[in-house]
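In full-length UniProt numbering, the protein residues as written are 1 to 270. The structure appears right after this line, and notes come after that.
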Amino acid sequence: MARRYGEDVLAGDWRRRKVTPEVDAEPDLVVEDADSGFCGAVVGFESGAVVLEDRHGRRRNFPLLPAAFLLDGRPVTLRRPTRAPVPAARRRTASGSIALDNVRAQVAKASRIWVEGVHDAALVERIWGDDLRIEGVVVEPLDGIDALDAEVRDFGPGPTRRLGVLVDHLVPGSKESRIVAKVTSPHVLVTGHPYVDVWQAVKPAALGIAAWPVVPPGRPWKEGVCAALGVAEPADMWRHILSRVDSFADVETPLINAMERLIDFVTEPG
Numbered sequence: 001m002a003r004r005y006g007e008d009v010l011a012g013d014w015r016r017r018k019v020t021p022e023v024d025a026e027p028d029l030v031v032e033d034a035d036s037g038f039c040g041a042v043v044g045f046e047s048g049a050v051v052l053e054d055r056h057g058r059r060r061n062f063p064l065l066p067a068a069f070l071l072d073g074r075p076v077t078l079r080r081p082t083r084a085p086v087p088a089a090r091r092r093t094a095s096g097s098i099a100l101d102n103v104r105a106q107v108a109k110a111s112r113i114w115v116e117g118v119h120d121a122a123l124v125e126r127i128w129g130d131d132l133r134i135e136g137v138v139v140e141p142l143d144g145i146d147a148l149d150a151e152v153r154d155f156g157p158g159p160t161r162r163l164g165v166l167v168d169h170l171v172p173g174s175k176e177s178r179i180v181a182k183v184t185s186p187h188v189l190v191t192g193h194p195y196v197d198v199w200q201a202v203k204p205a206a207l208g209i210a211a212w213p214v215v216p217p218g219r220p221w222k223e224g225v226c227a228a229l230g231v232a233e234p235a236d237m238w239r240h241i242l243s244r245v246d247s248f249a250d251v252e253t254p255l256i257n258a259m260e261r262l263i264d265f266v267t268e269p270g
């Protein structure tokens with residue numbers, strides 16, 4: 001009787017079982033369906049089944065059952081690959097720099113950036129406000145730069161009290177260039193853009209116009225622009241301009257370069 005039924009089935013380590021390896025069904029992985037013998041490469045998934053394509057271009061669907069496939073002649077269990085999470089796109093500020101989350105604005109430092117007026121200050125805030133708050137740099141509007149040299153002396157710049165000044169229409173031979181030449185402190189950087197007014201530093205395309213109007217000499221520039229564009233008051237025009245600026249892409253490169261230089265200068269270690 002013992003020979004008839006063989007050895008004791010309980011002999012040895014009967015609890016040990018063969019484990020079928022699990023394999024990700026990556027594209028182009030070649031496997032064989034254990035039941036049908038169909039051999040093909042993984043080309044996709046449909047309704048929870050893997051799609052195999054053989055060398056003749058024929059396709060068949062097979063359910064992802066345990067030990068249902070052969071890989072290099074050995075049984076495997078295919079599984080659908082888990083997709084790696086797509087990293088969220090980095091959020092950027094209006095100036096184009098990477099936004100820092102959960103970072104509080106710093107207490108204002110002694111260093112400052114001056115601009116010529118409230119319109120300049122509003123435009124700078126619109127684009128660089130987030131960056132400046134993180135750096136703890138305050139932007140202050142002036143009422144023009146005619147007394148710039150005296151105001152710089154009153155400010156008292158120093159190694160840890162730097163000053164940056166953004167000037168409109170800073171071109172060779174202009175009144176502005178002569179005023180700026182009087183400021184010689186190494187702790188002050190004066191730079192600017194070539195436009196008559198900061199309005200003009202906004203790209204015409206952002207406003208839906210082909211170009212800024214040409215204003216005849218002797219006529220106030222802002223009033224001339226408003227008349228050419230059919231706007232009653234400069235205040236109305238400015239509100240329209242500011243509403244169309246969302247980021248650095250809406251302003252001209254000379255303004256961007258000037259502001260980046262000023263921010264770098266006033267945030268350098270003393």
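Even glycine gets a Cβ: it sits at the ideal position worked out from N, Cα and C.
Check	Outcome
If A262 and G164 are in contact, beta carbons under 8 angstroms, what's the gap, nearest whole angstrom?	This sequence places Leu at residue 262; Ala is not what is there. Rounded, the Cβ-Cβ distance is 4 angstroms, consistent with contact.
In whole angstroms, give me the CA-to-CA distance for P75 and L52.	16 angstroms
Just grab the DSSP bridge partners of T82 for me.	T82 is not bridged to any residue.
Whole-angstrom Cβ separation of D54 and F38, contact assumed at under 8 angstroms?	7 angstroms
Could you tell me the alpha carbon to alpha carbon distance between L170 and S177, rounded to whole angstroms?	6 angstroms
Can you find the residues in the same chain that come closer than 8 angstroms, C-beta to C-beta, to D168, ignoring five residues on each side of it along the sequence?	E116, D120, E176, G192, H193, Y195, V196, D197, V198
Between A258 and E268, what straight-line distance do the alpha-carbon atoms span, to the nearest angstrom?	16 angstroms
Which same chain residues, not among the five before or five after P81, have their C-beta less than 7 angstroms away from its C-beta?	D24, A25, E26
The alpha helix (DSSP H) with P141 in it runs from where to where?	Where P141 is concerned, there is no enclosing alpha helix (DSSP H), although the beta strand (DSSP E) it sits in stretches over 138–141.
Output yes or no for whether 8 angstroms exceeds the beta carbon distance between V215 and V231.	no
Please report the Cβ distance between V188 and P157, rounded to the nearest whole angstrom; I am assuming they are in contact, meaning their Cβ atoms lie under 8 angstroms.	5 angstroms
Helix, strand or coil for A181 per DSSP?	coil
May I ask you to report which of helix, strand or coil DSSP gives L262?	helix
Checking 8 angstroms against the spacing of the C-beta atoms, do R126 and V266 come in under that value?	no
Which residue marks the beginning of the beta strand (DSSP E) containing V43, and which one marks its end?	39–46
Could you give the DSSP three-state label for I256: helix, strand or coil?	helix
Hey, out of A122, A235, A110, whose CA is closest to P159's CA?	A110
By a C-beta neighbour count over all protein chains shown, 10 Å radius and 16 as the cutoff for buried, is L10 buried or exposed?	Low confidence applies here, because L10 scores a pLDDT of 48, under 50, leaving its location unreliable; read the following figure in that light. Per the 10 Å Cβ criterion, exposed.
If you compare alpha carbons, which of T184, I145, K222 is closest to D236?	K222
What are the complete alpha helix (DSSP H) segments, minimum 4 residues, inside the stretch 173–219?	175–180, 204–207
Strictly by DSSP, which residues pair up with T77?	E22
Put G224 into one of helix, strand or coil per three-state DSSP.	helix
Can you give me the Cβ contacts of L64 inside the same chain, cut-off strictly under 8 angstroms, excluding the 5 residues immediately before and after it?	A25, G48, A49, V50, T77, L78, R79, R80
Measuring alpha carbon to alpha carbon, tell me which of G40, D131, I179, P234 ends up nearest P220.	P234
Could you check if R162 is buried or exposed, using at least 16 other CB atoms within 10 Å of its CB as the buried criterion?	buried
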